[in-house]
Amino acid sequence: ISPEAPVPVLESKSENLSLGGAANVANNLVALGCEVYLVGGIGRDEKGDKLLDLIKNRSIHTHGIYQFEHRPTTSKMRVIANNQQVLRIDKEDDRPITEETEGKFLKYLHAVIPEMDGVICSDYHKGILSEKISSAIMQRAKKSKKRVVVDPKGADFHKYNGATVITPNQKEVERVAPIKINSREDLDRAAEYILNLTHSEGILVTRGKAGMIFYSKKEKPFEISTVAKEVYDVTGAGDTVVAVLAAGIAAGQSPEDAAKLANLAAGLVVRKLGVASVSAGELRMALHRHGKGGRELVDRGSLETLVRDAQTRGERVVMTNGCFDILHAGHVAYLEEAKALGDRLVVAVNDDASVTRLKGAGRPINPLADRMSVLAGLAAVDWVAPFSEDTPAQLIEAVLPDVLVKGGDYRIEDIAGGQSVLANGGEVKVLPLMDGRSTSRIIESIRDQ
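Put into structure tokens, the structure is as follows:
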């Protein structure tokens, strides 16, 4: 406590500059691998210069950023102690922009929108996204057949007329609709009111711990439960939602599927302190944990990406291969032992033609899709990928696991792909198989009977 006045004293130990506002949305898009053109206004001041440098360092296009002479750069300083926000100091100016400045924005937007895959209007109510500019964006996007996602602000939603999806929170819905929301039925009626008001295809209402609800004119509303088990900081979570939602829609997902992905991303970002973003790799891993993305049939390109993501996180990737025609106890024990050597297990599986070449006519008993599905259902297995060559050497050389495992009495120097793994600094191991357990023996037993 200060001796000068009864106020707390905090010792400043570190400072961190982060992109905020619409720039945080752009930062989230870059983290997903998108190319981003940012449009907005900043001051011609020290903070504006630092902000511009941060934006350029993220390879975000800055031709649409206007620097004002007599308007400060919007900034929010958060004072944090023991991972808890103590104070926030804002500096901003939300006066409407002049007609001359408005004209410059309109000229740039008219030229650039047709070249985009999608458009996000991240409205922070700072005077930039005027009704005239918003209307021009919607008209230009419609003419160019581009989808528009809006993160709204204020009580005037007329200016978002024609948006593809709007993402208000529940308080914003109540502010706009002439309906007091005391129940789910009230929220449904309010959402219908906004759909009719804006003529948008859908509304994604964010509700904090209660998750989200997606409303559309064509389908019944559906709830999306929150996936966040731990919440450290909700700062910028809405930016992540709108970024992932818009990126998903621009990439060809339905608004409903993109909303589910955005909800998953929000669950990841609130576990981080401060303004943060979610990478494509983190999303892939989260999908994998929820039983999607990376299960069953994974092509070579996707497998390489999944493995690189895992290795970047410091995870140890183990890989093995085989036909796995009739899965038995010996296979299960072997795969569990292989998984124990690392964090992730990749199983490469011979396709049907290569099994026939290797095992002879009449094999495989089970087709590739069935064999892969059964393997993917095992707790020890993370990713399953097919290969068509006589050996998995090409696939192993592309994936380059940390550990390559083979079962039986192989010599390490004879294992396909082993030399590439060793040359990359990895390990090659041979594990014993369970006695008396083999697919051939099971087939012979069935024939004998």
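Each residue of the sequence shown is one higher than the one before, counting from 1 in our numbering. Using N, Cα and C, we set each Cβ at its ideal position, and we do this for glycine too. A quick note: this is a predicted structure, and the numbers were derived from the prediction, not measured.
Query	Result
Residue 296 in three-state terms, based on DSSP	For residue 296, the pLDDT reaches just 43, beneath the cut-off of 50, and the residue's location in the model is therefore unreliable, leaving the point undetermined.
Rounded separation between residue 224 and residue 449 - CA only	53 Å
Contacting residues, own chain, Cβ-Cβ under 7 Å from residue 48 (five flanking each side not counted)	42, 67, 73
Cβ neighbours of residue 19 in the same chain (closer than 8 Å, five flanking residues each side left out)	26, 27, 51, 54, 55, 58, 275
Assumed close pair residue 244, residue 32 - CB separation to whole angstroms, cut-off 8 Å	7 Å
Closest residue to residue 94 among 347, 193, 129, 378 (Cα-Cα distance)	129
Under 8 Å between C-beta atoms of residue 191 and residue 173	yes
At least three beta-carbon pairs within less than 8 Å, the segment 316-333 to the segment 402-416	yes
Backbone secondary structure at residue 415 - three-state DSSP	coil
From 126, 179, 87, 114, residue whose alpha carbon lies closest to that of residue 147	114
Cα-Cα separation between residue 311 and residue 5, rounded to whole angstroms	52 Å
Between the CA atoms of residue 271 and residue 256 - distance to the nearest angstrom	24 Å
DSSP beta-bridge partners of residue 237	Residue 237 is not bridged to any residue.
Euclidean distance between Cα positions of residue 300 and residue 142	38 Å
Neighbourhood of residue 153 by C-beta distance below 8 Å, restricted to the same chain and skipping five residues each side	123, 124, 125, 172
Meets three-Cβ-pair contact criterion under 8 Å: the segment 343-361 and the segment 392-404	yes
Residue burial classification, residue 432 (beta-carbon count within 10 angstroms, cutoff 16)	exposed
8 Å Cβ cutoff met for residue 135 and residue 164	no
Identified DSSP bridge partners for residue 91	75
Simplified DSSP assignment, three categories, for residue 354	helix
For residue 82, three-class secondary structure by DSSP	coil
Residues sharing a beta bridge with residue 406, DSSP	430
Residue 394 to residue 217 span [Cα, whole Å]	49 Å
Chain-order list of residues whose beta-carbon lies under 8 Å from that of residue 189 (same chain, five-residue window excluded)	177, 179
Contacts around residue 429, its chain only, beta-carbon distance under 6 Å, and the 5 residues preceding and following it disregarded	405
Secondary structure of residue 385, DSSP reduced to three states	strand
C-alpha gap between residue 307 and residue 282, whole angstroms	12 Å
Presumed contact (8 Å Cβ cut-off) between residue 149 and residue 160, rounded CB distance	The pair is not a contact, with the Cβ atoms about 10 Å apart (cut-off 8 Å).
Closest residue to residue 237 among 208, 314, 368, 251 (Cα-Cα distance)	208
Neighbourhood of residue 438 by C-beta, 6 Å cutoff - its chain only, sequence neighbours within 5 removed	none
Burial state of residue 77 (16 or more Cβ within 10 Å)	exposed
C-alpha gap between residue 23 and residue 304, whole angstroms	31 Å
Between the CA atoms of residue 157 and residue 110 - distance to the nearest angstrom	22 Å
CB of residue 212 within 8 Å of CB of residue 251, strictly	no
For residue 335, the three-state DSSP class (helix, strand or coil)	helix
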